Amino acid sequence: MSGADAAAIAAVTFAALYAGHQIGDHVVQSNSVAIAKAAPDAARLAAGASPWTGWGACWRHVAGYVATQVVALALVCVAVPMEVPGMATALIVSAGTHAVIDRRWVVHLLIRVKKCHGWAEAPYLIDQSLHVGAMLIAAVLAVTVSDAAGVAVVGAGASALVGAALLVERRRAAARARVVGPSHGWRRHGA
Numbered sequence: 660m661s662g663a664d665a666a667a668i669a670a671v672t673f674a675a676l677y678a679g680h681q682i683g684d685h686v687v688q689s690n691s692v693a694i695a696k697a698a699p700d701a702a703r704l705a706a707g708a709s710p711w712t713g714w715g716a717c718w719r720h721v722a723g724y725v726a727t728q729v730v731a732l733a734l735v736c737v738a739v740p741m742e743v744p745g746m747a748t749a750l751i752v753s754a755g756t757h758a759v760i761d762r763r764w765v766v767h768l769l770i771r772v773k774k775c776h777g778w779a780e781a782p783y784l785i786d787q788s789l790h791v792g793a794m795l796i797a798a799v800l801a802v803t804v805s806d807a808a809g810v811a812v813v814g815a816g817a818s819a820l821v822g823a824a825l826l827v828e829r830r831r832a833a834a835r836a837r838v839v840g841p842s843h844g845w846r847r848h849g850a
């Protein structure tokens, strides 16, 4: 594939991912999932909530979100020749990064680092900016991954990202429990 063809397919892939993102994040997602997907907050962790709370809602959101991106990519395939491994790669990257970003602790960390607590739009705009950056990476990988082995490597990377996020969340919960004292929550139940 020529450089111009690759650039065009990456651009169209990004546009499809972005359109799917907008619909999946703002139209398809229910209010209850939007509220539950980032739980538990610091107060609920301190009260003993499991650090895994909210992951079910997050994965339900990601499933609907990716489904809208699948439809958008399928629509683009009517006019643009796209390879299945590339589309699968884009969707895997989009799903994995979206799940981690939507747990919101990365967004809150960036707000603390940027010291923009007083900026009312910061959580939403930082969240959306991270998603757009991840979709750009997904679109570029869509034209560079051309076989099942590459898709498997990307899948392993996305799984590692989610696994690392789970580990960070677990450690943050344990640290919070040490600061606040023993709780009656997730530790006793092995969650």
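Numbering (the numbering used here), first residue to last: 660 to 850.
All residues carry an ideal CB built from backbone N, CA and C; glycine is no exception.
Only a predicted model underlies this, so the values are computations on that prediction, with no experimental measurement involved.
Close Cβ partners of residue i (< 7 Å) along its chain, the five nearest in sequence each way excluded
i, result
"GLY723", "GLY683, VAL687 and GLN688"
"ALA807", "PRO744"
"PHE673", "MET794, LEU795 and ALA798"
"VAL821", "GLY755, ALA758 and VAL759"
Residue interval of the alpha helix (DSSP H) (run including residue i)
i, result
"LYS773", "764-773"
"MET746", "743-761"
"GLN688", "Careful: GLN688 lies outside any alpha helix (DSSP H) and carries neither H nor E."
"ASP806", "No alpha helix (DSSP H) contains ASP806, which DSSP labels as neither H nor E."
Length of the line joining the Cα atoms of residue i and residue j
i, j, result
"GLU763", "VAL813", "Strictly speaking, residue 763 in this sequence is Arg, with Glu absent from that position. Taking the straight line joining both Cα atoms gives about 23 Å."
"VAL737", "HIS680", "19 Å"
"GLN787", "TYR677", "11 Å"
"THR712", "LEU768", "19 Å"
"ILE668", "ARG835", "46 Å"
"ARG829", "ALA663", "45 Å"
"SER661", "THR803", "12 Å"
"ARG771", "GLN728", "31 Å"
"ALA747", "VAL765", "25 Å"
"SER818", "ALA779", "32 Å"
"PRO710", "PRO740", "43 Å"
"VAL721", "LEU825", "16 Å"
"HIS851", "ALA693", "Nothing can be reported for residue 851: it is not among the residues displayed for the chain, which extend from 660 to 850."
"SER691", "ALA815", "30 Å"
"ARG703", "LYS696", "14 Å"
For residue i, three-class secondary structure by DSSP
i, result
"THR601", "No information on residue 601 is available, as it lies outside the stretch 660 to 850 that the chain covers here."
"TRP718", "helix"
"SER818", "helix"
"ALA697", "coil"
"ALA834", "helix"
"HIS680", "helix"
"VAL739", "coil"
"TRP845", "Unreliable placement is indicated for TRP845, whose pLDDT of 40 sits below 50; no coordinate value is reported for it."
"THR727", "helix"
"GLU780", "coil"
"MET794", "helix"
"SER661", "coil"
"SER709", "coil"
Same chain only: Cβ atoms within 8 Å of residue i, ignoring 5 sequence neighbours per side
i, result
"SER853", "This structure gives no information on residue 853, because the portion of the chain shown stretches from 660 to 850."
"GLY792", "none"
Nonlocal neighbours in the same chain, by C-beta distance under 6 Å from residue i, ignoring five residues either side
i, result
"LEU789", "ILE760"
"ALA666", "none"
"LEU732", "ALA675 and MET746"
"PRO782", "VAL766"
"ALA801", "THR672, GLY745, THR748 and ALA749"
Is there contact here, the stretch 783-797 with the stretch 743-752, by at least three beta-carbon pairs under 8 Å?
The stretch 783-797 is in contact with the stretch 743-752.
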